[in-house]
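Each residue of the sequence shown is one higher than the last, beginning at 1 in the working numbering.
No residue lacks a Cβ here, since even glycine has one placed at the ideal position from N, Cα and C.
Values in this document were obtained by computation on a predicted structure and should not be read as measured data.
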Amino acid sequence: MIDYIGIARKAVECDDMVKLLEGKGEYRCEFYYYGFPPDADVTDWENLIPRGIYALYNEGGYDYIPDMIIEAIKEMCEGDVEEVYCAFSVFFDIVLEERQNFKLAPFHISEQIKPVVMQAVFNNKEKLSKCFDWEGWRHSDGMWGAIKRWVKILQEDYETCSEYDMEEAE
């Protein structure tokens with residue numbers, strides 16, 4: 001069993017939020033979902049965010065976690081295509097946590113990080129189109145295709161990102 005709170009606590013206390021969100025080294029949480037290999041994604045954000053980061057925040061004494069995430073996302077958006085993909089994936093999962101789940105997210109940052117993340121996505125369109133790792137293998141236009149699909153889900157099901165026309169960016 002993965003100790004998501006312990007992993008999040010170590011990352012917060014060591015100021016390693018970028019490494020945590022990118023699943024680097026000891027912060028990698030293997031992705032376990034039926035029908036997918038463990039390396040199907042960079043890390044298991046779907047569990048890491050609610051069962052690690054949010055759970056740690058709810059323990060108290062870590063009021064600065066939202067700011068750490070925002071700063072980490074900004075840094076990731078200035079990085080390579082993998083970091084931009086990770087930033088978008090974290091943003092996507094945060095939106096789902098804030099708007100979908102029965103237990104509400106303890107803090108809301110999706111609207112704060114959305115412009116930075118989406119600008120990084122658009123700035124890296126060409127590189128994302130040539131990246132066929134993770135979800136990119138399913139699309140002829142690589143990770144760009146995967147992100148287009150996810151943005152459509154956010155627009156249709158979660159009423160966010162309507163200001164971004166992914167087709168127009170073609």
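Residue environment, residue i, which counts as buried when at least 16 other CB atoms sit within 10 Å
i, result
"MET148", "Before going further, note that residue 148 is Lys rather than Met in the sequence given. Classification of LYS148: buried, given that the 10 Å Cβ count is 16 or more."
"LEU104", "exposed"
"CYS77", "buried"
"VAL151", "buried"
"GLU26", "exposed"
"SER162", "exposed"
Length of the line joining the Cα atoms of residue i and residue j
i, j, result
"GLY60", "ILE53", "12 Å"
"GLU168", "VAL84", "20 Å"
"ILE171", "VAL116", "With the chain covering 1 to 170 only, the question about residue 171 has no answer from this structure."
"ASN123", "GLU135", "19 Å"
"ARG9", "ASP16", "10 Å"
"GLU97", "ALA87", "15 Å"
"ASN58", "PRO50", "10 Å"
"TRP137", "LYS127", "14 Å"
"GLU156", "ILE94", "16 Å"
"GLU82", "ALA120", "11 Å"
"CYS14", "LEU20", "10 Å"
"ILE65", "LYS114", "17 Å"
"ILE69", "GLY79", "15 Å"
Residue i (DSSP reduced to helix, strand or coil)
i, result
"MET143", "helix"
"CYS131", "coil"
"GLN100", "coil"
"GLY6", "helix"
"MET68", "helix"
"TRP137", "helix"
"ALA105", "coil"
"CYS77", "helix"
Whole-number beta carbon distance between residue j and residue i, since they are thought to touch under 8 Å
i, j, result
"MET143", "CYS131", "4 Å"
"PHE92", "LEU154", "7 Å"
"ILE5", "LEU56", "5 Å"
"VAL18", "ALA72", "5 Å"
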